[in-house]
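First residue of the sequence shown: 2, per my numbering; consecutive thereafter. Beta carbons are placed, not taken as given, at the ideal position from N, Cα and C, and that holds for glycine. Written out below as structure tokens is the structure these notes cover.
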Amino acid sequence: MMLADWLILFKLSFAFLALFIVAELLYAKAKLAAETTRKIVHIGTGVLTLLFPIYLQHLWQVILLCSLFFILLWCSIRFGLLPSINAIERKSYGSLLYPVIVALVFTFYTYMSFQPLPFSKLLYFYLPVLLMAICDPIAAYAGHYFQKKYQFTAKKTWGGTLAFLVAAFLLSLLMFGYFNLTVAYPAIVLYALATAILTATAERLSSKGWDNFTIPFITAMFLAFISTV
């Protein structure tokens with residue numbers, strides 16, 4: 002283990018901690034609602050994790066970093082810390098599942114990197130993470146807006162599901178197209194549509210923050226399927 006490996010871990014850890022501090026300041030000083038600051042951390046964490054394949058050369062680095070933040074987040078729930086993330090009225094395991102699924106998706110990405118692929122290897126990490134980090138908050142805000150008009154269940158709305166579906170399709174289409182190596186364009190459109198439908202279904206059926214796990218997991222499994230058939 003080289004000093005440079007530990008140095009980049011320290012820098013990334015500092016970046017995540019800085020994000021948490023900003024969220025705490027926005028919650029305490031700007032009086033933003035915890036649901037809002039939680040979404041800021043959700044999106045910001047997703048963006049920061051995009052640096053993992055670029056700067057982290059070893060799987061153990063990601064597992065260590067994710068394990069440390071899992072412990073931090075568990076302690077914050079256990080001892081009533083980080084209200085910008087935890088002071089929400091609903092019960093959610095989403096914050097704990099976030100580092101777990103990031104570690105699993107990076108493991109998947111590492112494995113797929115050694116396989117012959119129809120897309121650039123970065124897609125296999127970026128798409129699962131971004132669908133969770135970006136489309137899930139879009140669905141939440143759309144669902145809140147349409148809550149009284151188009152209720153689907155006690156906690157889901159047709160508006161939120163449709164917003165997720167559209168956002169997931171557009172993001173998937175962009176990512177499949179950008180990282181494409183050998184796939185025909187009509188197939189890319191079908192892949193994007195299938196990804197959107199699968200992940201929108203996962204988001205709709207998941208509760209208590211489990212969509213943080215199911216969305217990237219379903220995406221990774223679909224990517225594995227289309228890359229091996």
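Secondary structure note for residue 96: its alpha helix (DSSP H) is the uninterrupted segment 95-113. Contact annotation: residue 129 and residue 50 have beta-carbon atoms that are not nearer than 8 Å. When the Cα atoms are used, residue 142 and residue 3 turn out to be separated by approximately 44 Å. Under DSSP, residue 87 forms no beta bridge with any residue. Within its own chain, the residues whose Cβ lies closer than 8 Å to the Cβ of residue 131, once the five positions on either side in sequence are excluded, are 47, 51, 172, 176, listed in chain order. For residue 169 against residue 197, the beta-carbon gap comes to about 4 Å, under 8 Å, which counts as contact. For residue 161, the CB contacts under 6 Å within the same chain, skipping 5 residues up- and downstream, are 140, 143, 144 in chain order.
8 Å or more divides the Cβ of residue 20 from the Cβ of residue 38.
Taken through DSSP and simplified to helix, strand or coil, residue 158 comes out as strand.
When DSSP reads this structure, residue 120 sits in a beta bridge with 181.
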